[in-house]
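The numbering of the sequence shown is numbering that gives the first Met the number 0, which starts it at 0 and goes up by one.
Note that beta-carbon positions come from the ideal geometry of N, C-alpha and C, so glycine has one too.
On a predicted model such as this, the values are computed, not experimentally measured, just so you know.
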Amino acid sequence: MTEHVDRSEPEAAGAPTAVAVTPADAADAARLVAFGLQPKLQPARDQEYADLLRRHREDQAFARLADAVAAGLGLVVLEVSPRAGMAVTAAEDSVFAVRMSDYARRTAADSGDRFLHGLAHLAVAALAFPRPEDLADDSYIGRVTVNGVDAFVRQACRRLEERAEQRGENTDPATDAPGLETAWRIWARRSATGATKDARRPAASTTGIVAKALAFLTDSGFLQRTGDESGGTYRTTARYQLQVRDMAGSAALAELLELGIVPVTGGTPSLLPAEDTDDLDLVADAGLPFHS
């Protein structure tokens, strides 16, 4: 009589069993993503948000589910933590992506000014986090003002103009050509404040453009307004630090930082007078912090 031998693989002892995802789990995951899309909402002030963040941190299956929901919406999860909440940014093909053309229309700007608005956002990022260590330090808080950002861009304009003259390039603006090199030429010729009959700041002035950029970042939960000095003062949030980290590889942001006009002492950025430095090769069609 032949003895039957069972050669099938034995089940691994203690192997984890798959846990079925319930509609309630899916609803909670979507709810967490929805909280993440409310950038001004702070987890410390919403118990349900805080509970879902804790579940994301402690339950790997739930974390994967929430991340998958975000990915399905075209969102990139930058961080999930008590300090930042569920910080997400929109991929280029997401319905939540903000495009410069849309932003310009929302700010009642001429479509030809979209690169000036992009340059304003780049300048805010460069001035808020001028050193790599500032981006790496979770406790670092950047501070910017409307007038300070405009002054920074104008110093950058002077530095870039010097480079163009040294290379014998045409310094006349070409408004139909994209990139940082074109934007600074237009910015330098634009009035900083302009004038209106009721003493308001014109939206088309450079300080008006900066003010729109800072207001947009505040509405998006990236900045917090702290006062009215220097045209308006703002401080950065954890979400903005994560956002700038995500765009830190931008060629245009690197160009601004490499101009060397934003030293940091004691954690407070300040502006330096223009001075000669080594030649800076500008990158053609440098990227802006919006999807084109």
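{"Check": "Chain-order list of residues whose beta-carbon lies under 7 Å from that of Asp24 (same chain, five-residue window excluded)", "Outcome": "Phe61 and Leu64"}
{"Check": "Test item: CB-CB of Val148 and Leu126 under 7 Å", "Outcome": "yes"}
{"Check": "Cβ neighbours of Val145 in the same chain (closer than 7 Å, five flanking residues each side left out)", "Outcome": "Thr206, Val209, Ala210, Leu213, Ser229, Gly230 and Gly231"}
{"Check": "Cα-Cα separation, Pro42 to Arg157", "Outcome": "43 Å"}
{"Check": "As assigned by DSSP and simplified to three states, the class of Arg166", "Outcome": "coil"}
{"Check": "Outcome for Thr21 when other beta-carbon atoms lying within 10 angstroms are tallied against a minimum of 16", "Outcome": "exposed"}
{"Check": "Buried or exposed (CB count within 10 angstroms, at least 16 for buried), Glu254", "Outcome": "buried"}
{"Check": "Anticipated Cβ contact below 8 Å, Gly141 with Phe128, distance rounded", "Outcome": "5 Å"}
{"Check": "Meets three-Cβ-pair contact criterion under 8 Å: the region 183-193 and the region 231-241", "Outcome": "no"}
{"Check": "First and last residue of the uninterrupted alpha helix (DSSP H) at Tyr48", "Outcome": "Gln46 to Glu57"}
{"Check": "Coil, strand or helix - Tyr139 by DSSP", "Outcome": "coil"}
{"Check": "Endpoints, the alpha helix (DSSP H) within which Arg238 is located", "Outcome": "Ala237 to Asp245"}
{"Check": "Cβ neighbour criterion (16 or more within 10 Å) applied to Ala69", "Outcome": "buried"}
{"Check": "Residues near Gly266 in its chain [Cβ-Cβ closer than 6 Å; skip 5 each side]", "Outcome": "With a pLDDT of 45 at Gly266, under the threshold of 50, the predicted position of this residue should be treated as unreliable, and no value is reported."}
{"Check": "Simplified DSSP state of Ser229, which is helix, strand or coil", "Outcome": "helix"}
{"Check": "Buried or exposed by the 16-neighbour rule on C-beta atoms within 10 Å, applied to Arg53", "Outcome": "exposed"}
{"Check": "Alpha-carbon to alpha-carbon, Glu78 and Ala173", "Outcome": "For Ala173, the predicted model reports a pLDDT of 48, less than 50, meaning its position is unreliable and no value from the coordinates is stated."}
{"Check": "Whole-angstrom distance between Gln37 and Leu72, CA atom to CA atom", "Outcome": "15 Å"}
{"Check": "For Val293, the three-state DSSP class (helix, strand or coil)", "Outcome": "There is simply no residue 293 to check, as the chain begins at 0 and stops at 291 in what is shown."}
{"Check": "C-alpha distance - Asp50 paired with Val87, whole-angstrom precision", "Outcome": "18 Å"}
{"Check": "Where Ala198 falls, given that 16 or more other Cβ within 10 Å makes a residue buried", "Outcome": "Reliability of the predicted coordinates at Ala198 is poor, the pLDDT of 45 falling under 50, and the value obtained from them is presented with this limitation in mind. Exposed, by the Cβ-count rule."}
{"Check": "Assumed close pair Ala90, Ala96 - CB separation to whole angstroms, cut-off 8 Å", "Outcome": "7 Å"}
{"Check": "CA-to-CA distance, Gln165 to Leu134, given in whole angstroms", "Outcome": "33 Å"}
{"Check": "Spatial distance of Pro81 from Ala191 (CA atoms)", "Outcome": "40 Å"}
{"Check": "Distance between Glu257 and Asp66 (C-alpha atoms, nearest Å)", "Outcome": "36 Å"}
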